[in-house]
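Structure record follows, encoded as structure tokens.
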Amino acid sequence: MDGQGDLWSAGEGAGAGPRAAGDGAPAAGKGLGSAGAGGRAPAERPAEDVPADLEAARARVEALREQIRHHDYLYYVLDRPEIDDAAYDALMRQLRELEQRFPELVTPDSPTQRVGGRPAAPFARVEHAEPMLSLDNAFSREELEAFDQRVRRAVGDDVAYVAELKIDGLSIALTYEGGRFVRGATRGDGEAGEDVTANLRTIRSLPLRLRDRERPVPRRVEIRGEVYMTFDAFRRLNQEQEARGLAPFANPRNAAAGSVRQLDPAVTASRSLNLWVYALAGWEGDEPAPRSQWEVLQTLRAWGLPVNPHARRCTGLDELFAYIDEWAERRHQLPYLTDGIVIKVDDLEQQRQLGATARSPRWAIAYKFPAEKARTRVRDILVSVGRTGALTPVAVLDPVLLAGTTVSRASLHNADYIREKDVRIGDLVVVHKAGEIIPEVVEVVKEARTGAERPFSMPERCPACGSPVVRVEGEAATRCPNAACPAQQLERIRHFASRDAMDIEGLGPAIIEQLVGRGLVRDVADLYHLEPEPLAQLERMGPKSAANLVAAIDASRGRPLRRLLYGLGIRFVGERVAGLLARHFGTIQRLMAAGPDELMAVPEIGPRIAESVVIFFRDEHNRQLIRRLAEAGVEAAAGAPEPGSAAARAVVAAATAAGGPAGATGTAPGGPAAAGAPGTAAGGVAGAGAGVAAARRAGAGDGAAGAGFVPGAGPGAGAGAAGAPAAWPDVPPEVRERVAGKTFVFTGGLASMTRDEAQELVEALGGRATGSVSRKTDYVVAGEGAGSKLARARELGIPVLDEAAFLRLVGREPAGG
Ligand SMILES: [Zn+2]
Numbered sequence: 001m002d003g004q005g006d007l008w009s010a011g012e013g014a015g016a017g018p019r020a021a022g023d024g025a026p027a028a029g030k031g032l033g034s035a036g037a038g039g040r041a042p043a044e045r046p047a048e049d050v051p052a053d054l055e056a057a058r059a060r061v062e063a064l065r066e067q068i069r070h071h072d073y074l075y076y077v078l079d080r081p082e083i084d085d086a087a088y089d090a091l092m093r094q095l096r097e098l099e100q101r102f103p104e105l106v107t108p109d110s111p112t113q114r115v116g117g118r119p120a121a122p123f124a125r126v127e128h129a130e131p132m133l134s135l136d137n138a139f140s141r142e143e144l145e146a147f148d149q150r151v152r153r154a155v156g157d158d159v160a161y162v163a164e165l166k167i168d169g170l171s172i173a174l175t176y177e178g179g180r181f182v183r184g185a186t187r188g189d190g191e192a193g194e195d196v197t198a199n200l201r202t203i204r205s206l207p208l209r210l211r212d213r214e215r216p217v218p219r220r221v222e223i224r225g226e227v228y229m230t231f232d233a234f235r236r237l238n239q240e241q242e243a244r245g246l247a248p249f250a251n252p253r254n255a256a257a258g259s260v261r262q263l264d265p266a267v268t269a270s271r272s273l274n275l276w277v278y279a280l281a282g283w284e285g286d287e288p289a290p291r292s293q294w295e296v297l298q299t300l301r302a303w304g305l306p307v308n309p310h311a312r313r314c315t316g317l318d319e320l321f322a323y324i325d326e327w328a329e330r331r332h333q334l335p336y337l338t339d340g341i342v343i344k345v346d347d348l349e350q351q352r353q354l355g356a357t358a359r360s361p362r363w364a365i366a367y368k369f370p371a372e373k374a375r376t377r378v379r380d381i382l383v384s385v386g387r388t389g390a391l392t393p394v395a396v397l398d399p400v401l402l403a404g405t406t407v408s409r410a411s412l413h414n415a416d417y418i419r420e421k422d423v424r425i426g427d428l429v430v431v432h433k434a435g436e437i438i439p440e441v442v443e444v445v446k447e448a449r450t451g452a453e454r455p456f457s458m459p460e461r462c463p464a465c466g467s468p469v470v471r472v473e474g475e476a477a478t479r480c481p482n483a484a485c486p487a488q489q490l491e492r493i494r495h496f497a498s499r500d501a502m503d504i505e506g507l508g509p510a511i512i513e514q515l516v517g518r519g520l521v522r523d524v525a526d527l528y529h530l531e532p533e534p535l536a537q538l539e540r541m542g543p544k545s546a547a548n549l550v551a552a553i554d555a556s557r558g559r560p561l562r563r564l565l566y567g568l569g570i571r572f573v574g575e576r577v578a579g580l581l582a583r584h585f586g587t588i589q590r591l592m593a594a595g596p597d598e599l600m601a602v603p604e605i606g607p608r609i610a611e612s613v614v615i616f617f618r619d620e621h622n623r624q625l626i627r628r629l630a631e632a633g634v635e636a637a638a639g640a641p642e643p644g645s646a647a648a649r650a651v652v653a654a655a656t657a658a659g660g661p662a663g664a665t666g667t668a669p670g671g672p673a674a675a676g677a678p679g680t681a682a683g684g685v686a687g688a689g690a691g692v693a694a695a696r697r698a699g700a701g702d703g704a705a706g707a708g709f710v711p712g713a714g715p716g717a718g719a720g721a722a723g724a725p726a727a728w729p730d731v732p733p734e735v736r737e738r739v740a741g742k743t744f745v746f747t748g749g750l751a752s753m754t755r756d757e758a759q760e761l762v763e764a765l766g767g768r769a770t771g772s773v774s775r776k777t778d779y780v781v782a783g784e785g786a787g788s789k790l791a792r793a794r795e796l797g798i799p800v801l802d803e804a805a806f807l808r809l810v811g812r813e814p815a816g817g
């Protein structure tokens with residue numbers, strides 16, 4: 001076949017996304033009204049606001065081009081757009097209208113003169129067999145009718161169309177030679193793109209070799225399609241991004257584009273990308289080529305390529321409109337993003353007759369669904385507390401239908417966002433779905449204000465635990481600093497149990513909420529003390545599922561260090577970083593002892609991650625948590641080395657040197673910790689933790705391990721809790737029972753011991769000491785000069801102990817009492 005465009009990539013409209021194709025946009029404003037123009041673009045003005053004279057127009061045109069170039073850079077090069085597509089389309093539309101009114105202002109470098117896209121630097125430039133054009137857009141039925149009339153004028157009334165879902169991903173061209181995948185390229189500027197063969201090869205749905213049993217494969221052919229990401233994969237990726245302290249992707253399209261353009265194909269491989277193909281180009285060979293778009297799809301499918309199953313051949317406008325109406329609703333049930341319908345003239349001979357303009361083919365058009373925005377009222381603004389303590393303001397809305405689901409809440413992100421948008425309780429607002437996933441308040445309809453709206457300010461205390469919140473300079477987030485905050489606990493437990501962390505099957509949010517709510521579990525270490533009987537009393541649980549849950553928790557004790565590290569939810573430590581740290585340091589002791597420089601010596605670990613790890617393990621609550629996990633038999637917390645790490649080999653060597661398994665490694669979990677400690681001078685902190693565990697077990701009859709280990713851990717433990725069990729070695733069981741699992745808050749000074757000593761005492765008995773009073777506090781111990789915490793305890797009706805009562809509770813009769 002010859003000539004341009006015999007089998008052009010019609011789906012491409014999909015490809016470059018709305019940006020490349022949307023510049024024609026008579027439509028951005030249509031149906032959106034002020035909402036469309038209201039996005040985040042600072043310079044948007046109503047389209048009517050057109051300068052009257054040439055000089056004013058020139059200034060406006062230059063300003064618009066500058067903005068568009070800036071947003072192009074953010075969108076195409078950085079994959080980090082600051083405005084949504086509707087806002088961008090509005091800018092393009094204004095520029096185009098001005099250029100139409102003042103044609104003398106059109107220059108070759110205007111964004112309106114570009115096909116779209118630009119190759120990013122690091123990848124080799126590759127020419128496409130035939131240009132990959134953008135599609136014109138249609139935003140209304142009238143525009144589709146006009147398209148149909150143009151087609152009929154050119155080729156007559158015997159015309160059929162193929163309607164396909166427009167996938168919002170990254171367009172690519174795949175070259176197969178002799179049926180083998182030899183090259184993959186991005187769309188780039190339409191003439192040439194970037195060579196991303198190695199990255200595309202990692203997409204599992206992309207066949208490296210075509211099947212030719214049903215239909216012959218030509219000598220050489222270019223196949224075009226769309227790389228995309230499902231909503232699930234997108235969510236997971238963004239969770240990972242946030243865990244690593246990286247900016248989340250704005251939508252699945254950007255996530256897919258960013259993933260394909262990774263320099264390291266291994267990163268691409270980890271990103272769960274998918275592929276749909278829909279077009280052929282550059283057919284070389286004597287085999288008969290398909291004669292219609294419909295046949296193209298069948299051929300691609302026969303070759304073993306992924307072809308979207310929802311395409312339909314339509315014989316007239318009525319059938320087309322029915323298809324559009326159907327998918328305007330059904331698309332919300334798809335696991336990936338579609339933002340329109342691509343309509344192609346089916347007959348390829350007719351396509352040839354129709355040809356193309358410089359920018360787009362005349363035989364295809366992309367119908368775009370209206371932007372998903374809705375107006376509703378803000379009833380209230382609540383604040384939720386996340387795993388890291390970040391306070392997120394959430395707008396409670398009058399329920400409104402948006403993108404196929406009823407929305408009653410929307411994120412307001414942070415205090416800056418609320419201030420910038422000036423969102424008040426009672427406001428009429430415009431909400432949309434970012435990437436059709438998370439509803440977001442984009443704009444306040446200020447004209448609708450009555451004066452009864454109430455401004456909102458972030459609370460000064462955590463709504464869950466009452467701790468004064470902190471705001472770190474340079475960070476947008478306001479945080480609850482209380483590690484024992486129940487809201488944070490709930491989120492942390494959920495994260496700890498998640499599939500990629502400790503993978504505790506059956507421990508879902510509903511169960512965790514009950515466990516935390518009933519005080520059965522306050523942190524992840526408590527999970528390991530759960531008994532089947534109380535579990536069976538929970539809602540939607542029975543004896544059988546309780547037993548299963550206990551078994552699942554039990555099974556998680558042996559998870560490797562990298563999963564434990566990820567599960568701990570250390571800021572900026574996502575799955576990947578956790579794996580790097582586990583492999584490099586081998587045991588949790590070595591990691592805990594590492595300073596910033598040692599951490600930064602690990603490839604990919606920068607100062608921010610290093611600082612976060614150091615801060616986490618310096619925190620006494622976190623050190624105690626590791627100790628308690630070790631005590632509960634979580635092997636990695638007790639120092640079991642990461643499989644395959646140098647430490648794992650060292651343990652084997654040490655065990656051998658010590659005369660066999662009976663020595664160092666005989667009694668897990670104390671054993672591996674003991675083996676790990678000598679390897680690192682500063683291993684004492686966690687070693688001490690294991691020591692506490694061992695010492696407590698010693699009380700239960702496991703003498704040698706504990707007694708042998710605690711003294712050795714002493715120097716490293718310093719001011720840690722390791723000394724506590726030694727100081728109070730003989731605790732009657734009834735005392736332990738009274739204190740274990742209880743939360744204490746100390747306020748004021750005690751006469752018989754320092755506050756640190758008192759806290760260590762409580763913790764040595766299995767209780768916990770926290771810094772602030774909440775409903776979850778069991779006792780407030782009030783000494784000399786007790787202040788606001790005492791008042792708060794009275795307010796909440798929490799038992800207050802004086803020093804004498806406290807000493808009796810912990811089994812130490814007060815002097816003279
Ligand atoms: Zn809190």
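Those letters in the sequence shown? Residues 1 to 817, per the UniProt record's numbering, in order. Beta carbons are placed, not taken as given, at the ideal position from N, Cα and C, and that holds for glycine. Please read all numbers here as calculations on a predicted model, not as lab measurements.
Do Ala311 and Tyr278 come within 9 Å of each other at the CB atom, strictly closer than that value? Position 278 of the sequence shown, counted from the first residue, corresponds to residue 278. Position 311 of the sequence shown, counted from the first residue, corresponds to residue 311. In contact: Tyr278 and Ala311 (Cβ atoms closer than 9 Å).
Less than 8 Å between the CB of Pro459 and some heavy atom of ligand 1, yes or no? As a working mapping, residue 459 is identified with position 459 in the sequence shown. No, ligand 1 has no heavy atom inside 8 Å of this Cβ.
Name the residue from Val634, Val151, Ala63 whose alpha carbon lies nearest to the alpha carbon of Ile504. Locating residue 504 in the sequence shown gives position 504, where the first residue counts as 1. That would be Val634, whose Cα lies nearest to the Cα of Ile504.
Please name the residue in Leu98, Phe456, Cys465 whose C-alpha comes closest to that of Glu420. Here residue 420 refers to the residue found at position 420 when the sequence shown is read from its first residue. The residue with the shortest Cα to Cα distance from Glu420 is Phe456.
Do Ala256 and Val296 count as a contact pair if the criterion is CB distance below 9 Å? As a first step, residue 296 must be located in the sequence shown, where it is residue number 296. As a first step, residue 256 must be located in the sequence shown, where it is residue number 256. Going by C-beta atoms, Val296 is not nearer than 9 Å to Ala256.
For residue 849, tell me which candidate among Gly787, Asp136, Thr770, Glu326 has the shortest Cα-Cα distance. Nothing can be reported for residue 849: it is not among the residues displayed for the chain, which extend from 1 to 817.
Less than 8 Å between the CB of Asn199 and some heavy atom of ligand 1, yes or no? Along the sequence shown, read from residue 1 onward, the residue named residue 199 stands at position 199. Relative to ligand 1, even the nearest heavy atom lies 8 Å or more away from the CB of Asn199.
Less than 8 Å separating the Cβ of Gln488 from some heavy atom of ligand 1? For this step, residue 488 is matched to residue 488 along the sequence shown. Distances taken from the Cβ of Gln488 to the heavy atoms of ligand 1 include one shorter than 8 Å.
Complete beta strand (DSSP E) runs within the segment 732 to 793 (minimum length 3 residues, chain order): 743 to 747, 768 to 770, 779 to 782
Report yes if the C-beta of Asn414 is less than 8 Å from at least one heavy atom of ligand 1; otherwise report no. As a working note, residue 414 is residue 414 in the sequence shown. The answer is no for Asn414.
Look at the Cβ atom of Leu305, then the Cβ atom of Ile223, and state whether they are nearer than 9 Å. Along the sequence shown, read from residue 1 onward, the residue named residue 305 stands at position 305. Along the sequence shown, read from residue 1 onward, the residue named residue 223 stands at position 223. Taking 9 Å as the Cβ cut-off, Leu305 and Ile223 qualify as a contacting pair.
Grab the span of the beta strand (DSSP E) containing Pro509 for me, first residue to last. Residue mapping note: residue 509 aligns to position 509 of the sequence shown, counting from 1. Note, Pro509: premise wrong, no beta strand (DSSP E); alpha helix (DSSP H) at 509 to 517.
For ligand 1, any of its heavy atoms closer than 8 Å to the Cβ of Ala464? Along the sequence shown, one-based indexing puts residue 464 at 464. Ala464 Cβ: within cutoff of ligand 1.
Quick one: what does DSSP say Phe321 is sitting in, helix, strand or coil? Locating residue 321 in the sequence shown gives position 321, counting from the first residue. Note: Phe321 maps to helix in three-state DSSP.
Select from Glu191, Gln759, Arg628 the residue whose C-alpha is nearest the C-alpha of Arg522. Counted from its first residue, the sequence shown places residue 522 at position 522. Comparing alpha-carbon positions, the option among Glu191, Gln759, Arg628 lying closest to Arg522 turns out to be Arg628.
CB-CB under 6 Å to Val400, same chain, minus the five flanking residues each way: which ones, in chain order? Within the sequence shown, numbered from 1, the residue matching residue 400 stands at position 400. Within the same chain, Val400 has close Cβ partners Ala374, Thr376, Val407.
For Ala758, count neighbouring C-beta atoms within 10 Å of its own C-beta (all shown protein chains included) and say buried if the count is 16 or more, exposed if not. Working through the sequence shown from its first residue, we reach residue 758 at position 758. That one is buried.
Could you tell me which whole alpha helix (DSSP H) segments of length 4 or greater appear in the segment 147 to 172? none
Would you say the beta carbon of Val773 is closer than 8 Å to some non-hydrogen atom of ligand 1? As a working note, residue 773 is residue 773 in the sequence shown. Checking every heavy atom of ligand 1 against the Cβ of Val773, none is found closer than 8 Å.
Rounded to the nearest angstrom, what separates Arg454 and Lys446 at their Cα positions? As a first step, residue 454 is located in the sequence shown; it is residue number 454 there, counting from the start. As a first step, residue 446 is located in the sequence shown; it is residue number 446 there, counting from the start. Near 13 Å, if we compare the C-alpha coordinates of Lys446 and Arg454.
For Ala59, which of Glu760, Glu326, Leu98, Met92 has the nearest alpha-carbon? Taking the first residue of the sequence shown as 1, we reach residue 59 at position 59. Closest by alpha carbon: Leu98.
Helix or strand or just coil, what does DSSP make of Arg183? Start at 1 with the first residue of the sequence shown, and residue 183 comes out as number 183. Of the three classes helix, strand and coil, the one that applies to Arg183 here is strand, per DSSP.
Closest by CA to Ala395, which one among Ala536, Arg387, Ala552, Tyr417? Along the sequence shown, read from residue 1 onward, the residue named residue 395 stands at position 395. Measuring from the Cα of Ala395, the nearest candidate turns out to be Tyr417.
Beta-carbon gap between Lys368 and Phe139 smaller than 9 Å: As a working mapping, residue 368 is identified with position 368 in the sequence shown. As a working mapping, residue 139 is identified with position 139 in the sequence shown. The answer is yes: Cβ separation under 9 Å.
Check for me: the beta strand (DSSP E) holding Ala364 runs from which residue to which? As a first step, residue 364 is located in the sequence shown; it is residue number 364 there, counting from the start. 364 to 368 is the extent of the beta strand (DSSP E) around Ala364.
Answer with buried or exposed for Leu54, where buried requires no fewer than 16 other C-beta atoms within 10 angstroms of its C-beta. Looking up residue 54 in the sequence shown gives position 54. Leu54 should be labelled exposed.
Just mark Arg511 as buried or exposed, buried being the case when its beta carbon has 16 or more other beta carbons within 10 Å. Within the sequence shown, residue 511 is the residue found at index 511, counting from 1. Reading the sequence as shown, one finds Ile at residue 511 and not Arg. The residue is buried, with at least 16 neighbouring Cβ atoms inside 10 Å.
Please determine, among Phe617, Ala637, Phe585, Ile615, the residue with the shortest C-alpha to C-alpha distance to Ala647. The count along the sequence shown starts at 1 and reaches residue 647 at position 647. Comparing Cα-Cα distances from Ala647 to each of Phe617, Ala637, Phe585, Ile615, the minimum goes to Phe585.
So what's Trp303 in DSSP terms, helix, strand or just coil? What you label residue 303 is simply residue 303 of the sequence shown in a count that begins at 1. Looking at Trp303 - three-state DSSP - the assignment turns out to be coil, as it is neither helix nor strand.
Taking Asp347 as the reference, give the member of Gln624, Tyr161, Gly639, Arg96 with the closest Cα. Taking the sequence shown and counting its residues from 1, one reaches residue 347 at position 347. It is Tyr161.
Can you tell me whether Val423 is buried or exposed, with buried defined as 16 or more other CB within 10 angstroms of its CB? Position 423 of the sequence shown, counting from 1, holds the residue named residue 423. It is buried - the Cβ of Val423 has at least 16 other Cβ atoms within 10 Å.
Can you grab the Cα-Cα spacing for the pair Gln100 / Ala163, in whole Å? Stepping through the sequence shown from its first residue, residue 100 is reached at position 100. Stepping through the sequence shown from its first residue, residue 163 is reached at position 163. If I take the Cα positions, the gap works out to 32 Å.
Look up Ile493 in the DSSP assignment and say whether it is helix, strand or coil. Sequence index remark: in the sequence shown, residue 493 carries index 493 (1-based). Note: Ile493 maps to helix in three-state DSSP.
Please go through the same chain and pick out, in chain order, the residues whose beta-carbon is closer than 7 Å to the beta-carbon of Gly558, but skip the five residues on each side of it. Within the sequence shown, residue 558 is the residue found at index 558, counting from 1. Counting only Cβ-Cβ distances below 7 Å, and skipping sequence neighbours, we find Glu635.
Contact belief for Phe744 with Val762 at Cβ below 8 Å, rounded distance in angstroms: Within the sequence shown, numbered from 1, the residue matching residue 744 stands at position 744. Within the sequence shown, numbered from 1, the residue matching residue 762 stands at position 762. Between Val762 and Phe744 the Cβ distance is about 5 Å, and since that is below 8 Å, they are a contact.
Gly389: beta carbon under 8 Å from a heavy atom of ligand 1? Here the question's residue 389 lines up with position 389 in the sequence shown. True, at least one ligand heavy atom lies under 8 Å from that Cβ.
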